[in-house]
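Just below is one structure, and these are the notes that go with it.
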Amino acid sequence: MKYLRIFLIIPFLLCPTVISADIYRHVDEDGVVHFTNTPDGFKGELYLREAPKRPPRRRSSGMDNRWMMEYAERCSRANNLSPALVKAIIRAESNGERFAVSSKGAQGMMQLMPFTARRMNVSDPFDPIENIEGGVKYIKELLGTFGGNLVHAVAAYNAGPNAVKKYGGVPPYKETRLYVKRVMNYYRQYQSGE
Numbered sequence: 018m019k020y021l022r023i024f025l026i027i028p029f030l031l032c033p034t035v036i037s038a039d040i041y042r043h044v045d046e047d048g049v050v051h052f053t054n055t056p057d058g059f060k061g062e063l064y065l066r067e068a069p070k071r072p073p074r075r076r077s078s079g080m081d082n083r084w085m086m087e088y089a090e091r092c093s094r095a096n097n098l099s100p101a102l103v104k105a106i107i108r109a110e111s112n113g114e115r116f117a118v119s120s121k122g123a124q125g126m127m128q129l130m131p132f133t134a135r136r137m138n139v140s141d142p143f144d145p146i147e148n149i150e151g152g153v154k155y156i157k158e159l160l161g162t163f164g165g166n167l168v169h170a171v172a173a174y175n176a177g178p179n180a181v182k183k184y185g186g187v188p189p190y191k192e193t194r195l196y197v198k199r200v201m202n203y204y205r206q207y208q209s210g211e
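In this note's numbering, the protein residues as written are 18 to 211.
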């Protein structure tokens, strides 16, 4: 019986993020042990408390950011994009935080929305290499869509290309207008340092 209990508990210990509720235990008249996470009508006792929430992933260190920004430069050049533009977008989107998640669901350093990430063949948005490559592809696509107009492409990165097309330029959204201004300021700063 001792080994059965250990055998039944091991999967829960190996996958703590899967456990999402308290576990109740009951031994019936035949000595069979039953476990459930729904105690309604179950004559059991609390066996295992809900696992604590998973701690947030660690923030990227300065060393991580340095190599990631160097990779962003190489990836930009390989795609005939200005490294200053890509670094400016990274800074505005996540400040180089590889595990960043926005309230709208954008993920990673370049804050790719899940649909955009899939379109850009990004399977892990928190992998900085995949995220940067996907973000660079997306910026390049937007620049192509808007005839090389940098301001329109940056606005589309934030508000979506349909919004930019609808308004014939930067949409009248406060967030997007501030975003474009911020990216363009960072862009000029990075350009002067290249």
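No residue lacks a Cβ here, since even glycine has one placed at the ideal position from N, Cα and C.
Through-space distance from P189 to N138, alpha-carbon basis = Start at 1 with the first residue of the sequence shown, and residue 138 comes out as number 121. Start at 1 with the first residue of the sequence shown, and residue 189 comes out as number 172. So the alpha carbons of these two residues sit roughly 31 Å apart.
Rounded distance between the beta-carbons of I106 and V44, thought under 8 Å = Mapped onto the sequence shown, residue 44 falls at position 27. Mapped onto the sequence shown, residue 106 falls at position 89. Contact doesn't hold; Cβ gap of about 59 Å is too wide.
Is the Cβ-Cβ distance between M85 and P145 less than 8 Å?
-> The residue you call residue 85 lines up with position 68 of the sequence shown. The residue you call residue 145 lines up with position 128 of the sequence shown. It is a contact, given that the beta carbons lie within the stated cut-off.
Residue of L167, L159 and Q128 minimising C-alpha distance to N148 = Taking the sequence shown and counting its residues from 1, the one referred to as residue 148 is at position 131. Of the listed residues, the one whose Cα sits closest to N148 is Q128.
Identity of the residues DSSP links to Q124 by a beta bridge = Position 107 of the sequence shown holds residue 124. BP columns for Q124 point to V118 and L129.
Run through DSSP, which three-state label would P145 get?
-> Position 128 of the sequence shown, counting from 1, holds the residue named residue 145. If DSSP states are grouped into helix, strand and coil, P145 belongs with the helices.
Could you tell me the distance, in whole angstroms, from the CA atom of V103 to the CA atom of G185?
-> Working through the sequence shown from its first residue, we reach residue 103 at position 86. Working through the sequence shown from its first residue, we reach residue 185 at position 168. Each residue's alpha carbon lies about 23 Å from the other.
S93 by DSSP, collapsed to three states: which one?
-> Along the sequence shown, one-based indexing puts residue 93 at 76. The answer is helix: DSSP assigns S93 an H, G or I state.
Assign Q206 to buried or exposed, taking buried as 16 or more other Cβ atoms, counted over all protein chains shown, within 10 Å of its Cβ.
-> As a first step, residue 206 is located in the sequence shown; it is residue number 189 there, counting from the start. Q206 should be labelled exposed.
Helix, strand or coil at P178 [DSSP, three-state] | Locating residue 178 in the sequence shown gives position 161, counting from the first residue. Three-state DSSP puts P178 in a helix.
Is L195 buried or exposed, if buried means 16 or more other CB atoms sit within 10 Å of its CB?
-> Residue 195 sits at position 178 when you count from the first residue of the sequence shown. Its Cβ having fewer than 16 others within 10 Å, L195 is exposed.
Proximal residues to V118 (C-beta, below 6 Å), its chain only, five neighbours per side dropped = The sequence position of residue 118 within the sequence shown is 101, counting from 1. Once the five neighbours on either side are set aside, the close Cβ partners of V118 are Q124.
Please report the Cβ distance between Y174 and R108, rounded to the nearest whole angstrom; I am assuming they are in contact, meaning their Cβ atoms lie under 8 Å.
-> For the purposes of this step, residue 174 is taken as the residue at position 157 of the sequence shown. For the purposes of this step, residue 108 is taken as the residue at position 91 of the sequence shown. Wrong, their Cβ atoms sit about 13 Å apart, outside the cutoff.
Option in G152, V187, R94 and A95 with minimal Cα separation from F132 | The residue you call residue 132 lines up with position 115 of the sequence shown. Per the Cα distances, G152.
For M126, which of P142, R136 and R135 has the nearest alpha-carbon?
-> Position 109 of the sequence shown, counted from the start, is the residue given in the question as residue 126. Comparing Cα-Cα distances from M126 to each of P142, R136 and R135, the minimum goes to P142.
With distances taken between CB atoms, is the gap from K157 to N96 smaller than 8 Å?
-> Here residue 157 corresponds to residue number 140 of the sequence shown, with the count starting at 1. Here residue 96 corresponds to residue number 79 of the sequence shown, with the count starting at 1. Yes, they are a contact pair.
Report all residues from its chain with a CB closer than 6 Å to the CB of R136; omit the five preceding and five following residues, and keep chain order.
-> Position 119 of the sequence shown, counting from 1, holds the residue named residue 136. Here the set comprises nothing.
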